[in-house]
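Positions 65 to 420 (this note's numbering) are the ones given, in order, by the sequence shown.
Step one of this worksheet: look at the structure below.
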Amino acid sequence: MKIYNFSPGPSILPKEVFEQAAQGVLNLNGSGLSILEISHRSRDFTEIITKARDLVRELLDVPKNYHILFLSGGASTQFLMSAMNLLPSNGTAAYLDTGSWSSKAIKEAKPYGNVDVIASSKDRNYAYIPKGYKAPSEALYLHLTSNNTISGTQFHEFPEVNIPLVCDMSSDIFSRPVDVKRFGLIYAGAQKNMGPAGTTVVIIHDELVGQSERILPTIMDYQTHIDKDSMFNTPPVFPIYGSMLTMQWIKDNGGIAAAAERNEKKASTLYAEIDRNSLFDGVVDKEDRSKMNVTFVMRDVANEAAFIDAASEAGCMSIKGHRSVGGFRASIYNAMTLEGVEKLVYVMQEFERANG
Ligand SMILES: *Cc1c(COP(=O)(O)O)cnc(C)c1O
Numbered sequence: 065m066k067i068y069n070f071s072p073g074p075s076i077l078p079k080e081v082f083e084q085a086a087q088g089v090l091n092l093n094g095s096g097l098s099i100l101e102i103s104h105r106s107r108d109f110t111e112i113i114t115k116a117r118d119l120v121r122e123l124l125d126v127p128k129n130y131h132i133l134f135l136s137g138g139a140s141t142q143f144l145m146s147a148m149n150l151l152p153s154n155g156t157a158a159y160l161d162t163g164s165w166s167s168k169a170i171k172e173a174k175p176y177g178n179v180d181v182i183a184s185s186k187d188r189n190y191a192y193i194p195k196g197y198k199a200p201s202e203a204l205y206l207h208l209t210s211n212n213t214i215s216g217t218q219f220h221e222f223p224e225v226n227i228p229l230v231c232d233m234s235s236d237i238f239s240r241p242v243d244v245k246r247f248g249l250i251y252a253g254a255q256k257n258m259g260p261a262g263t264t265v266v267i268i269h270d271e272l273v274g275q276s277e278r279i280l281p282t283i284m285d286y287q288t289h290i291d292k293d294s295m296f297n298t299p300p301v302f303p304i305y306g307s308m309l310t311m312q313w314i315k316d317n318g319g320i321a322a323a324a325e326r327n328e329k330k331a332s333t334l335y336a337e338i339d340r341n342s343l344f345d346g347v348v349d350k351e352d353r354s355k356m357n358v359t360f361v362m363r364d365v366a367n368e369a370a371f372i373d374a375a376s377e378a379g380c381m382s383i384k385g386h387r388s389v390g391g392f393r394a395s396i397y398n399a400m401t402l403e404g405v406e407k408l409v410y411v412m413q414e415f416e417r418a419n420g
């Protein structure tokens, strides 16, 4: 039976990428050596990380005055590293609280300066994206989470403010075009839409680097990683390799615009069924629905376990919702096919026929 994996992360990658990555583990580029055993300073690996960097620049159209880094420690390390580098102890940064991940970013930034949470959607369990706020004029940057992986909301417009945006794009990077010029710093853990878990891409504007008066541990200073081309310490070689292959796959399949079109189609197909089907309800405000993580519940909660069983029997895996939201979450990242989404829709329709 064909398996469709709706896991929120680590999540599916294109089948071609799994095959190429497996080949690289066994015999990289016909060298007789594994990607796992060669020096990170070897020519083969240098070519891989250079290509990965070039692909980020090309796919997202990153201007020349931005640096692109591949770090480790996950997006979770960026929660504090961004504040350590960008927020002086007497400075203010504005934050939007749109879910569990942004709350964590807020918590981790607080020790470093004044963190001003200018809007939050916590009052409705993060079921919407706040609007109509203003960033205080003294704020140095505005931090936001572009896609809220757990509750299933997404910014479809980025805030119009005249300070740099600092953005956690872990769960929707490469899913749609973004105007990088509006951001001072973008970071994303690989394991949702970019590659295997273990590396985090950081895209940072030149002017934000090296401004900190704080004494930073060497490894926590963006300048270190810029100076060393992301090789200050041994980089996560396999996750970078897998990310490079995934980005190449995106490029070979029409680039970001084509990916966005496929994602649009998948999301609208699934949401249309949620809205049509008498057994299910969406969780979040329609205008803020995520195109990556689709959250929904069953009107009759007693039937939820049976639906998860029916989905698994049809090959649709990992659709259980996060414990803080309940119900279901179907993560439909770039590598999920429309066929997979249509299969889940079919299971929903069959379930309605049997139980409606
Ligand atoms: C998964 C996720 C994280 C955490 O990433 P790690 O790489 O595990 O630290 C942070 N932010 C968002 C939006 C996520 O989806």
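Each residue gets a CB set at the ideal place from its N, CA and C atoms; glycine is no exception.
Closest Cα partner of residue i within the set the options
i: ASN69; options: PHE360, ILE99, ASN419 and ILE396; result: ILE396
i: SER376; options: HIS386, ASP364 and MET412; result: MET412
i: SER235; options: SER153, PHE296, VAL244 and GLY253; result: GLY253
i: THR282; options: PHE82, ILE102 and MET148; result: MET148
i: ALA173; options: GLY163, ALA116, TYR159 and SER294; result: TYR159
i: ASN154; options: SER382, GLY177, GLY319 and SER166; result: GLY177
i: TYR305; options: SER167, THR114 and GLY420; result: THR114
i: HIS207; options: VAL179, ARG188 and ARG363; result: VAL179
i: ILE314; options: LYS384, LEU408, GLY259 and SER98; result: GLY259
i: VAL358; options: TYR286, ILE320 and ALA394; result: ALA394
i: TYR335; options: GLY94, ILE112, GLY216 and PRO72; result: GLY216
i: ASN257; options: MET65, LYS66 and VAL81; result: VAL81
i: ALA374; options: TYR410, ARG363 and LYS195; result: TYR410
Heavy atom of ligand 1 within 8 Å of residue i beta-carbon
i: THR359; result: no
i: TRP165; result: yes
i: SER239; result: no
i: PRO298; result: According to the sequence shown, residue 298 is Thr rather than Pro. Flag unset: Cβ of THR298 not near ligand 1.
i: GLN255; result: yes
i: SER382; result: no
i: SER140; result: yes
i: ALA261; result: yes
i: ASP270; result: no
i: GLY96; result: no
i: SER235; result: yes
i: GLY73; result: yes
i: LYS315; result: no
i: LYS421; result: This structure leaves residue 421 out entirely; the chain is present only between 65 and 420.
i: THR209; result: yes
i: ASP352; result: no
i: ASN129; result: no
i: THR288; result: no
i: THR213; result: yes
i: THR264; result: yes
i: ASP232; result: yes
8 Å CB neighbourhood of residue i in its chain, flanking five on each side removed
i: VAL120; result: VAL126, ILE132, VAL265, ILE267 and MET311
i: LEU150; result: ALA157, LEU204, TYR205, VAL230, GLY248, LEU249, LEU272, GLN275 and SER276
i: VAL244; result: LEU124, ASP125, VAL126, PRO127, TYR130, ILE250 and ILE267
i: LEU402; result: ARG326, LYS329, LYS330 and THR333
i: LYS168; result: SER140 and PHE143
Where the alpha helix (DSSP H) through residue i begins and ends
i: ARG107; result: 107-124
i: PHE143; result: 138-150
i: ALA394; result: Note, ALA394: premise wrong, no alpha helix (DSSP H); beta strand (DSSP E) at 392-395.
i: GLY404; result: 402-419
i: MET308; result: 301-316
i: VAL81; result: 79-90
Range covered by the beta strand (DSSP E) that runs through residue i
i: ASP180; result: 178-184
i: TYR286; result: No beta strand (DSSP E) holds TYR286; the alpha helix (DSSP H) holding it covers 286-291.
i: TYR335; result: TYR335 -> not in any beta strand (DSSP E); alpha helix (DSSP H) instead, spanning 319-340.
i: PHE344; result: 344-346
i: VAL242; result: Counting along the chain, VAL242 falls outside any beta strand (DSSP E), and DSSP gives it neither H nor E.
i: THR264; result: 264-269
i: LEU273; result: Before going further, note that residue 273 is Val rather than Leu in the sequence given. Here VAL273 belongs to no beta strand (DSSP E), and DSSP marks it neither H nor E.
i: ALA158; result: 156-161
i: VAL230; result: 229-232
7 Å Cβ shell around residue i - same chain, five flanking residues per side excluded
i: TYR439; result: Outside the modelled stretch of the chain, which goes from 65 to 420, sits residue 439, for which no answer is possible.
i: PHE222; result: LEU229 and ARG246
i: ALA85; result: TYR305, GLY306 and LEU309
i: PRO241; result: ILE320, ALA321 and ALA324
i: HIS289; result: LEU133, LEU135 and PHE296
i: ASP349; result: ALA191 and TYR192
i: LYS186; result: ASP161
i: THR298; result: HIS104
i: ILE76; result: ASN69, TYR397, ALA399 and MET400
i: GLY420; result: SER342 and LEU343
Contact set for residue i: own chain, Cβ-Cβ below 6 Å, skip 5 residues either direction
i: ASN211; result: GLN218, SER235, ASP236, SER354 and MET356
i: GLY262; result: PRO300 and PRO303
Rounded distance between the beta-carbons of residue j and residue i, thought under 8 Å
i: GLY379; j: PHE360; result: No, GLY379 and PHE360 are not in contact; Cβ-Cβ is about 19 Å, not under 8 Å.
i: SER166; j: ILE214; result: With 8 Å as the limit, SER166 and ILE214 do not qualify as a contact, their Cβ atoms being about 10 Å apart.
i: GLN255; j: PRO74; result: 4 Å
i: LEU90; j: SER98; result: 6 Å
i: LEU343; j: GLU416; result: 5 Å
i: ILE170; j: ALA199; result: That belief does not hold up - the Cβ atoms of ILE170 and ALA199 are roughly 15 Å apart, past 8 Å.
i: ILE112; j: MET381; result: That belief does not hold up - the Cβ atoms of ILE112 and MET381 are roughly 30 Å apart, past 8 Å.
i: MET145; j: MET284; result: 5 Å
Residue i CB to nearest heavy atom of ligand 3 below 8 Å
i: ASP161; result: In terms of ligand content, the structure shown lacks ligand 3 and carries ligand 1 instead.
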